[in-house]
Amino acid sequence: MARFTLPRDLYHGKDSLAELKNLKGERAIVVVGGGSMKRFGFLDKAVKYLEEAGMEVQLFENVEPDPSVETVMRGAEAMRAFKPDWIVSMGGGSPIDAAKAMWAFYEYPETSFDDLIVPFNFPALRTKAKFCAIPSTSGTATEVTAFSVITDYEKGIKYPLADFNITPDVAIVDPELAETMPAKLTAHTGMDAMTHAIEAYVSTLHCDYTDPLALHAIKMIHKYLQKSYEGDTDARERMHNAQCLAGMAFSNALLGIVHSMAHKTGAAYSGGHIVHGCANAMYLPRVIQFNAKNAEAAERYAEIAGFIGLKGDSTEELVAALVAELKAMNERLSIPNSIKEYEGGIIDEKEFNDKLSAIAALAISDACTGSNPRTPSQEEMEKLLTACYYGEDVNF
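Below, the structure written as structure tokens:
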């Protein structure tokens, strides 16, 4: 038996933010990030709509990129004091992910973070509040997923929290919020979405319900991401939909080791963070080369290549064409080819090699590894990460 879970309601298209005025409740807490939603007027609009719905509104602002355990605990404390019956989070993946974790600690104050990092181990939610998610970036799709990524900075580890309980009740996918994204963020979030869709399609848990969502998302991203990066507003709207479709697919089919590696390298180095979407973009071509040693995965990569119009006379040629096209997309989007090149070389080579064994072990134990079509050994994961650091192809 398998399960397929989505939000109860999904509102999409321009002006769908106004659906907030139709929520039923008494108090809503709005969780947001560093200020872009306020700067562009969307936060004021959201508050106005919630007040029109007859609700008292409180803000929890300044959730940082890669939200921390500490931020989650502060947010849960604010919720326990205010007692909202709606949690509304808007912005990029970070505030929405943080709000999902806050939700659990609001409803179950005695729960520990160690309890929640065990996949699919959340207590039953909605005892105190429902959840509405409103994305402003076109990548994470956390508005429709059963996932949240929270960072423990003391340990230098990103934890993917996973449970169908944290799938939002309502998702509002309004493309006007995404029109404000800068080009670099558009590139990184777009390739994050591409990774979601490709990993979902080759996941060991893919099914007839997830495959069409993943394939259509891949086709849309391939067609519209470059135009969105260049500022085309119609392409921005199509990308906002495409990333959501990719989220529907991977929330139910799960992911693979591209994400395992991105989770464990993102906050591991003293030189700085590797932005999640950029990490996925750099790692994806090499993971495809690694996974394609599995015959079933190779066939599915070849299907993806054919679906987006790439040419090849054999499975091997089609897989190679897909790898080449993803590398070319990265280049067109000004995404570096390797960790060594990332942000001008901020990830020190010696530190990378010193931490290689430990990070490889953490990546193998990541929740996303279980649904990858090929399970890497410790030695193979170290070689994969090394290939990603130096920008080398993978042939093992």
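For reference, each letter of the sequence shown is one residue, going 1 to 396 in UniProt numbering.
Think of the CB as a built atom: it goes at the ideal place given N, C-alpha and C, for glycine as much as any other residue.
TYR269 carries a coil assignment under DSSP once its states are collapsed to helix, strand and coil. In the displayed model, GLU392 falls within coil according to three-state DSSP, outside both helix and strand. Looking at the DSSP output, CYS132 sits in a beta bridge with VAL88, VAL170. A direct Cα-Cα distance of roughly 9 Å separates ASN165 from ARG126. Secondary structure within the segment 26-79: the alpha helix (DSSP H) runs of 4 or more consecutive residues, fully enclosed, are 36-39, 42-52 (chain order). Here the C-alpha atom of ALA361 lies approximately 6 Å from the C-alpha atom of GLN378. For LEU385, the three-state secondary structure derived from DSSP is helix.
Scanning its chain for C-beta atoms nearer than 6 Å, with the 5 sequence neighbours on each side dropped, one finds around MET37 the residues LEU43, MET90, GLY91, in chain order. Straight-line measurement puts the Cα of ARG332 at about 10 Å from the Cα of GLU325. When secondary structure is reduced to three states using DSSP, ALA146 falls in the coil class, being assigned neither helix nor strand.
Cα atoms of MET220 and PRO84: separation of roughly 38 Å, rounded to the nearest angstrom.
Leaving aside the five residues that flank HIS188 on each side, the residues in its chain whose CB is nearer than 6 Å to its CB run, in chain order, VAL275, GLY277, CYS278.
In summary, THR233 is exposed, with fewer than 16 beta-carbon neighbours lying within 10 Å of its beta-carbon over all protein chains present. About 20 Å separates the beta carbon of ALA292 from that of ALA249, a gap too long to meet the 8 Å contact definition. In the structure shown, THR315 adopts helical secondary structure according to DSSP, grouped into three states.
Exposed is the label assigned to ASP313, since fewer than 16 other Cβ atoms lie within 10 Å of its Cβ. Ranked by Cα distance from LYS340, the options ASN395, ARG27, LEU23, THR265 are led by THR265. Under the DSSP assignment, ILE274 falls outside any beta strand (DSSP E); it carries neither an H nor an E label. When DSSP states are grouped into helix, strand and coil, THR151 belongs to the strand group. Secondary structure at LEU10: strand, using DSSP grouped into helix, strand and coil. For the options PHE131, ASP97, SER138, TYR229, the alpha carbon positioned closest to that of PRO168 is the one of PHE131. Per the DSSP secondary-structure output, LEU161 pairs in a beta bridge with SER148. Between THR137 and MET181, the gap from beta carbon to beta carbon is short of 7 Å. Relative to ILE29, the option among ASN22, TRP86, MET1 whose CA is nearest is TRP86.
In the three-state reduction of the DSSP assignment, GLU230 falls in the coil class, being assigned neither a helical nor a strand state. Straight-line measurement puts the Cα of SER260 at about 21 Å from the Cα of ASP211. With contacts defined by Cβ atoms closer than 7 Å, ALA76 and PHE105 form a contacting pair. Annotated three-state conformation of GLU296 is helix, per DSSP.
Judged by DSSP in its simplified three-state form, LEU17 adopts helix. The three-state reading of DSSP puts SER357 in helix, counting H, G and I together. A straight-line Cα-Cα distance of about 44 Å links ASP15 and LEU384. In the three-state scheme derived from DSSP, where H, G and I count as helix and E and B as strand, HIS240 is classed as helix.
In this structure, the beta-carbon distance from PHE290 to VAL394 falls below 7 Å. Of the other Cβ atoms in all chains shown, 16 or more fall within 10 Å of the Cβ of ALA387; this residue is therefore buried. When DSSP states are grouped into helix, strand and coil, MET282 belongs to the helix group.
Look at ARG332 here: in three-state DSSP terms it is helix.
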